[in-house]
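Asker: Keeping their order, the protein sequence lines are chains A and B. Residue 47 in full-length UniProt numbering sits at position 47 of the first sequence, and the numbers go up by one each step. Residue 74 in full-length UniProt numbering sits at position 74 of the second sequence, and the numbers go up by one each step. Before we start, here is the structure in question, set down as structure tokens.
Number of protein chains: 2
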Amino acid sequence: MDVEAEQSERTEAWSGITPDAARRLVIAAVEAFAERGYHATTTRDIAGRAGMSPAALYIHYKTKEELLYQISVVGHRLSLGLLQDAANGDGGPADRLAAAVRSFVRWHAEHHTTGRVVQYELGALGPEHYTEVVELRRESEAAVRSVIHDGVRAGEFDVPDVSGTTVALLSLCIDVARWFNPGGRRTPDGIGALYADLALRMVGYAPRQR
Amino acid sequence: MDVEAEQSERTEAWSGITPDAARRLVIAAVEAFAERGYHATTTRDIAGRAGMSPAALYIHYKTKEELLYQISVVGHRLSLGLLQDAANGDGGPADRLAAAVRSFVRWHAEHHTTGRVVQYELGALGPEHYTEVVELRRESEAAVRSVIHDGVRAGEFDVPDVSGTTVALLSLCIDVARWFNPGGRRTPDGIGALYADLALRMVGYAPRQR
């Protein structure tokens, strides 16, 4: 993905955040947290990146933690929405699992900077915000687990440990945010297609059906 | 794993680092980097955690980056050694792949704090140190890829994209360091067994052979 495309992906994820100044602060915070880590970043750094004064930042976010929380909640809600749309979509369990993996992987490749911040700085959220985000993560697990259950019930999947396989599948997709390189030879779509096939193998979807 | 067991795992990984003061500094640095991130940690913080003066730290490590490099190289060499031992061990490709995944996963669960620091702070290494660590990562990939190739050549594995499947397998194992919780219900051995089975599925090792 080129820089311009990446920029547009990044902005698109935050299009729901208004007003414009709050959105600019979120984008600046993601970049600063990704570069230096949450604890090494000050609200002054973030305001400076967004071309604003610390006082202007304070109008929108009272603390640095509020910014991290906003990034984390928006990121988790968007990726959860993609998973749920695919998991509750048309088709049999194999089609729905493949679609869920494809879109979850694509999200983590395209939003790899946000993905890293959200995953690595989870421990920096305040207790209430942490609890809220953990709940969104549970819903993501539930969405994947229910498709796997459907496949097992339909006799199409063979999964001895549904909960462990669910954790592994989500982990595989999330970790794309760590290693994805927009300048590398693998595209978000290419990784999505590969991982959808690997997911069907992991749930024992018989090769003759593939 | 209880706290005592975790402490012993942690110390064991660094047993090759001498003298004792240098080892204590590495252990203190891993904890500090994991808690606050590399950029928010000072050499003064690290010396304080190790019960030493900044001047005493300076005898062993001239910079904070040297400490990160030591952690990263030792961590990568240990986990590479485990992979290579398993990949070059006895048995057919399926046995060797399963053994490699089991020990790589166990390492990342037991040394999850080190694993997080090593993976998340890769970008903070200086250019030469970064190049050296990337070379160790290439060797880890090569070890896994060669077992998969053996399985494909022997007609036991069915892998359309060997290089992509290698990346996915390593990613799955490495990400255990992110989500593993020593107080949770899954043990390093349990995750190792589950993931060895998932790995064989990912390479299309036919179920009747499992």
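The beta-carbon is built from N, C-alpha and C at its ideal position, and this holds for glycine as well. No experiment lies behind these values; they were computed from the predicted model shown.
(1) Does the beta-carbon of residue 55 of chain B have 16 or more other beta-carbons within 10 angstroms, so that it is buried, or is it exposed?
(2) Distance check for residue 46 of chain A and residue 57 of chain A, CA to CA, integer angstroms please.
(3) For a cutoff of 9 angstroms on Cβ pairs, would you count residue 71 of chain B as touching chain A?
(4) What are the residues of the segment 153 to 172 of chain A that lie near chain B, defined by any Cβ-Cβ distance shorter than 8 angstroms?
(5) Name the two residues that bound the continuous alpha helix (DSSP H) containing residue 125 of chain A.
(6) Spatial neighbours of residue 109 of chain A within its chain, please: C-beta separation below 7 angstroms, excluding the five flanking residues on both sides.
(7) Can you list, in chain order, the residues of its chain with a C-beta nearer than 7 angstroms to that of residue 34 of chain B? Leave out the 5 residues immediately preceding and following it.
(8) Could you compute how far the alpha carbon of residue 20 of chain A sits from the alpha carbon of residue 136 of chain B?
(9) Please list the terminal residues of the continuous alpha helix (DSSP H) segment that includes residue 50 of chain B.
(10) Give me, in chain order, the residues of the same chain whose beta-carbon lies closer than 7 angstroms to that of residue 23 of chain B; leave out the 5 immediate sequence neighbours on both sides.
(11) Grab me the residues of residue 29 of chain A's own chain with a C-beta within less than 6 angstroms of its C-beta, minus the 5 sequence neighbours each way, in chain order.
(12) Give me the chain B residues within the contact set of residue 198 of chain A, using Cβ-Cβ distance strictly less than 8 angstroms, ordered along the chain.
(13) If we ignore side chains and look at the alpha-carbon of each, how far apart do residue 122 of chain A and residue 139 of chain A end up?
(14) Between residue 134 of chain B and residue 72 of chain B, which are expected to be in contact by the criterion C-beta below 8 angstroms, what is the C-beta distance as a whole number of angstroms?
(15) On the CB-based measure, 16 or more other CB atoms within 10 Å of its CB, does residue 79 of chain A come out buried or exposed?
(16) For residue 39 of chain B, which residues in chain A fall below 9 angstroms Cβ to Cβ?
(17) Among B/146, B/111, B/63 and B/59, which one has its Cα closest to the Cα of residue 100 of chain B?
(18) Since residue 115 of chain B is in the alpha helix (DSSP H), which residue starts that stretch and which ends it?
(19) State the DSSP-derived secondary structure class of residue 15 of chain B, mapped to helix, strand or coil.
(20) Under 8 angstroms by Cβ, that's how I've got residue 124 of chain A and residue 31 of chain A pegged, so tell me the actual separation to the nearest angstrom.
(21) In whole angstroms, what is the alpha-carbon distance linking residue 186 of chain B and residue 141 of chain A?
(22) Run down chain B in chain order and give the residues with a C-beta less than 7 angstroms from the C-beta of residue 120 of chain A.
(23) If you draw a straight line from the C-alpha of residue 8 of chain B to the C-alpha of residue 94 of chain A, how long is it?
(24) For the segment 66 to 90 of chain B, which residues have a CB atom closer than 8 angstroms to at least one CB atom of chain A, in sequence order?
(25) Any C-beta of chain A sitting closer than 9 angstroms to the C-beta of residue 175 of chain B?
(26) Measuring CA to CA, which of B/26, B/63, B/196 and B/170 is closest to residue 164 of chain A?
(27) Report all residues from its chain with a CB closer than 7 angstroms to the CB of residue 82 of chain B; omit the five preceding and five following residues, and keep chain order.
(28) Return the residues of the segment 123 to 150 of chain B that lie within a Cβ-Cβ distance of less than 7 angstroms from chain A, sorted by chain order.
Answerer: Taking the geometry as given:
(1) exposed
(2) 8 angstroms
(3) no
(4) 158, 160, 161, 164, 165, 167, 168, 171 and 172
(5) Careful: residue 125 of chain A lies outside any alpha helix (DSSP H) and carries neither H nor E.
(6) 176, 180, 188 and 191
(7) 113, 116 and 117
(8) 45 angstroms
(9) That residue, residue 50 of chain B, is in no alpha helix (DSSP H); it is neither H nor E in DSSP.
(10) 14 and 17
(11) 46 and 67
(12) 165, 168 and 202
(13) 17 angstroms
(14) Not quite, the Cβ-Cβ distance comes to about 10 angstroms (not below 8 angstroms), so this is no contact.
(15) buried
(16) 35, 36, 37, 39, 40 and 41
(17) B/146
(18) 112 to 120
(19) coil
(20) Not really, about 16 angstroms apart at Cβ, beyond 8 angstroms.
(21) 16 angstroms
(22) 120
(23) Low local confidence applies: a pLDDT of 49 at residue 8 of chain B is under 50, so the model's placement there is unreliable, with the coordinate-based value given in what follows. Each residue's alpha carbon lies about 44 angstroms from the other.
(24) none
(25) yes
(26) B/196
(27) 103, 104 and 107
(28) none
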